[in-house]
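Protein chains in written order, with the numbering used here: chain B, 1 to 456; chain L, 457 to 912.
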């Protein structure tokens, strides 16, 4: 076998031509979305006012293992993909571990993260359907940036409801979205009914992701030929993100790398679902015995401390009900929480895989996450996003265990993005003023109290 | 010939093992550095208190065409190199030009630019010499970040004098440097004599690059086992940057790409000198007839409107005298100038090549630069640094000429970095408040009046 280079790039010929739909091999499917009024499984027709047709078809597709990536999307992917699979030689050396560490790095595009993989697909299909405009929400801003980039490329107008506190704290993120031609509205705003309602009840609120989702959906439904797009959680988003896992698997096979464990950060679950998809499919078929580990913030612990229940996807309770691990749509992480990964719920697919024991999860506190981020930056060069640093923390902890036990495990993790727009959080860490927060059981009960009172 | 992929990555085996020293093939050498006291050519011994020994040897090496890159530096390069040579298929389509456009993209590392190529080398040699610390200056912050990354990797303390107005306007850049362990001191400061002098004369000054250089040199000279490192202008910096040109040339040869012109932005000249080095060497030998074009800001036009004269490298007039195109070390660009490329002088090598007619130069106004930057971002995805966008402007202008003439030229340009930390400038452009500035002849005369009164 050839020496393993620091960075493995696939050639254009080796790039995936299909997405991988893990649902087609799952022994039990995630329970269907439920209409909150009828309490019946949602139909494609009911989703049509909100989502683009092709995305609905993908969302409800439980049978096709491979779904072709149209050439118009593959051309977009070629601009910034394949992303490198990197051997963390320097981190290994610094940790003095017998473990081999690899990471798939999705941050080599201007959006700074994996979000672009689904943004490209969603905008392509919207344009193909002849839609006139799109709406979305963004929190930290990665998704909004990714979507603005795709909308600039495919030439489609975009309105982004940006969580107000983010828009104020991250004017530069807002400026990037605007540079790509996206219109940014801080949320809650007076442009929607739900926004006006929230503002009248809480005039000083900094907003939330759930509220921004509600506003974006309302605008999409009320505007002709306009649809809403979502950057995580949903099955079709995980489908698009499967390109991460497919590239990773191809690179591993090319260099005979056999991961013992695959670690990723989990917020809505799209990055992790995409990274592990093809490997998980093989595990379900009994072809590997990889340990899958999701790492989430202790301050927003949906998998490790949430409930597996039907819940709304947004604060305004306008979405279908999704069976997922959730803290309740009313749960809001403590203000001292720095990174992303602040969504109250979790992808239905990831939730089901976790529920059925195919993966484990753990939570970590943020100062330890930034310890890992800094160690990584100084040894591997790249300054990671705080979200991604949850995965680094997990990988470092496993590499240290290997050092203690002497085991030579192969650890692979997903480095979803860069932290160039998260320097306020790094400044807080560098100055020693960053604090940790673990919600008490009472705090969590307040969130659970917002779960819908349905018997499903 | 194989189809040309969007992005050409060399394999590790194909990566250069030597730097390319263009001085070894130049028919006439740039005139030597002059000691401002003795007015004699500077000696290695006179440079030793300021610079690391190996870098002085490289600076004065006019005979070896290839200089080996030590393995310890090649290992660092492997973390973020090779950088891709990208075919700008989407930009070509948008411009509807018969030209083929390629760009060598140096922004895929956390420092966001090519600066890391020389930072790695300089810190490696300093460590090898057993030095205890380094000092430097930074303006926009790319060089300071690059050096902090290299110092973190090779474990050497670093003090960065950051132009005060930059440190205030770019707290996040400062935070990145600190995350990598660098100590940032806004300049002018009270830590040096020259800083205290400037502060007492101009208490409210926002500082300048020339002033920060003076402070960094003073500190290096007065601190035991400490040296100063510089990120541009000098011959050894261009030598390290030649890896850009060597990778580009190898990629071109692999895919039979024959550039008709090579365009780059020019500030101190290190990126452009490095990009064109090996191609220029061939041109000098009569092996190609490539047109070399440097693009500089109209607000700081050292090549197009400067004088070819001996001048100091810094405001404090502490450096050796360098024969270069210069606006005078007292020249300071108008405050409305947004990007980098604000140095009063120009690399001695680039100055000599320009003087001898091997390359041309043009200047562009900044709103036109941001027009090009935005067009590029929306079509090619990557948000460019304002500096880099000068080269984009040049390439787009040439591609438009090709459309008008019907010529199918091959245009290659250097995209030195990303603009993620330059969003204040983009915001000014997006809001329509950005203005242009072209210094009057009278403005330039004020700068020329600061040239040293020597007859050399």
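We treat Cβ as the ideally placed atom computed from N, Cα and C, and that holds for glycine. Given the structure is predicted, the values throughout are model-derived calculations rather than measurements.
So, are the CB atoms of residue i and residue j less than 8 Å apart?
{"i": "residue 170 of chain B", "j": "residue 206 of chain B", "result": "no"}
{"i": "residue 260 of chain B", "j": "residue 409 of chain B", "result": "yes"}
{"i": "residue 452 of chain B", "j": "residue 36 of chain B", "result": "yes"}
{"i": "residue 547 of chain L", "j": "residue 826 of chain L", "result": "no"}
{"i": "residue 55 of chain B", "j": "residue 122 of chain B", "result": "yes"}
{"i": "residue 418 of chain B", "j": "residue 363 of chain B", "result": "no"}
{"i": "residue 330 of chain B", "j": "residue 387 of chain B", "result": "no"}
{"i": "residue 345 of chain B", "j": "residue 235 of chain B", "result": "no"}
{"i": "residue 828 of chain L", "j": "residue 423 of chain B", "result": "no"}
{"i": "residue 543 of chain L", "j": "residue 628 of chain L", "result": "no"}
{"i": "residue 553 of chain L", "j": "residue 746 of chain L", "result": "no"}
{"i": "residue 18 of chain B", "j": "residue 68 of chain B", "result": "yes"}
{"i": "residue 614 of chain L", "j": "residue 623 of chain L", "result": "no"}
{"i": "residue 754 of chain L", "j": "residue 854 of chain L", "result": "no"}
{"i": "residue 521 of chain L", "j": "residue 480 of chain L", "result": "yes"}
{"i": "residue 307 of chain B", "j": "residue 448 of chain B", "result": "yes"}
{"i": "residue 99 of chain B", "j": "residue 411 of chain B", "result": "yes"}
So, at 8 Å on beta carbons, what are the nonlocal neighbours of residue i in its own chain, with the 5 sequence-adjacent residues on each side left out?
{"i": "residue 420 of chain B", "result": "112, 383"}
{"i": "residue 460 of chain L", "result": "543, 711, 713"}
{"i": "residue 897 of chain L", "result": "none"}
{"i": "residue 416 of chain B", "result": "106, 107, 113, 114, 264, 265, 271, 385, 387, 388, 391"}
{"i": "residue 549 of chain L", "result": "835"}
With a CB to CB cut of under 6 Å and the five nearest residues on each side skipped, what residues in its chain are close to residue i?
{"i": "residue 272 of chain B", "result": "264, 266, 294"}
{"i": "residue 223 of chain B", "result": "none"}
{"i": "residue 319 of chain B", "result": "312, 313"}
{"i": "residue 316 of chain B", "result": "194, 214"}
{"i": "residue 188 of chain B", "result": "195, 198, 199, 207, 211"}
{"i": "residue 537 of chain L", "result": "none"}
{"i": "residue 95 of chain B", "result": "399"}
Distance check for residue j and residue i, CA to CA, integer angstroms please.
{"i": "residue 841 of chain L", "j": "residue 102 of chain B", "result": "30 Å"}
{"i": "residue 457 of chain L", "j": "residue 464 of chain L", "result": "Only weak support is given to the placement of residue 457 of chain L: the predicted model assigns it a pLDDT of 45, under 50, and the question is left unresolved by the model."}
{"i": "residue 767 of chain L", "j": "residue 799 of chain L", "result": "12 Å"}
{"i": "residue 889 of chain L", "j": "residue 687 of chain L", "result": "31 Å"}
{"i": "residue 379 of chain B", "j": "residue 532 of chain L", "result": "10 Å"}
{"i": "residue 695 of chain L", "j": "residue 431 of chain B", "result": "38 Å"}
{"i": "residue 389 of chain B", "j": "residue 361 of chain B", "result": "15 Å"}
{"i": "residue 144 of chain B", "j": "residue 741 of chain L", "result": "51 Å"}
{"i": "residue 666 of chain L", "j": "residue 606 of chain L", "result": "23 Å"}
{"i": "residue 162 of chain B", "j": "residue 429 of chain B", "result": "25 Å"}
{"i": "residue 181 of chain B", "j": "residue 326 of chain B", "result": "34 Å"}
{"i": "residue 427 of chain B", "j": "residue 487 of chain L", "result": "46 Å"}
{"i": "residue 402 of chain B", "j": "residue 278 of chain B", "result": "26 Å"}
{"i": "residue 406 of chain B", "j": "residue 396 of chain B", "result": "15 Å"}
{"i": "residue 335 of chain B", "j": "residue 367 of chain B", "result": "15 Å"}
I'd like the list of long-range same chain contacts for residue i, defined as Cβ closer than 7 Å, with 5 residues on each side in sequence excluded.
{"i": "residue 913 of chain L", "result": "Here chain L has residues from 457 to 912 only, and residue 913 of chain L is not among them."}
{"i": "residue 227 of chain B", "result": "50, 51, 52, 126, 131, 134, 220"}
{"i": "residue 178 of chain B", "result": "184"}
{"i": "residue 46 of chain B", "result": "35"}
{"i": "residue 353 of chain B", "result": "280, 359"}
{"i": "residue 648 of chain L", "result": "671, 674, 675"}
| said: Quick check on the DSSP output: what are the complete beta strand (DSSP E) runs of length 3 or more inside the segment 483-535 of chain L, in order along the chain? | reply: 522-524
| Chain-ordered residues of the segment 195-210 of chain B with a beta carbon less than 7 Å from chain L | none
| request: Could I get the ranges of all uninterrupted alpha helix (DSSP H) runs contained in the segment 721-773 of chain L, with 4 residues as the minimum, in chain order? | output: 726-740, 758-761
| request: Ignoring anything shorter than 3 residues or poking outside the segment 333-369 of chain B, list the beta strand (DSSP E) runs there in chain order. | output: 360-364
| task | Identify each residue in the segment 625-638 of chain L for which the Cβ-Cβ distance to at least one residue of chain B is less than 9 Å, and report them in chain order. | result | 627, 628, 629, 630, 631, 632, 634, 635, 636, 637
| Every unbroken alpha helix (DSSP H) inside the segment 603-676 of chain L [4 residues or more] | 620-625, 627-635, 649-657
| request: List in chain order: all unbroken alpha helix (DSSP H) runs of 4+ residues lying wholly within the segment 417-444 of chain B. | output: 423-430
| request: Report the residues of the segment 430-456 of chain B with a CB closer than 7 Å to any CB of chain L, ordered along the chain. | output: 430
| Which of the residues in the segment 559-580 of chain L, read from start to end, lie with their CB under 7 Å from any CB of chain B? | 564, 565, 566
| In chain order, which continuous runs of the beta strand (DSSP E) of length 3 or greater are located wholly inside the segment 551-598 of chain L? | 556-561, 589-594
| message | Please identify, using Cβ separations under 9 Å, the residues of the segment 373-385 of chain B that lie next to chain L, in order along the chain. | response | 373, 374, 377, 378, 379, 380, 381, 382, 383
| request: For the segment 466-480 of chain L, enumerate the residues whose C-beta is nearer than 8 Å to any C-beta of chain C, in chain order. | output: Annotation note: the requested chain C is absent from the structure, which comprises protein chains B and L.
| task | Determine which residues of the segment 595-610 of chain L have a Cβ less than 8 Å from any Cβ of chain B, and write them out in chain order. | result | 605, 608, 609
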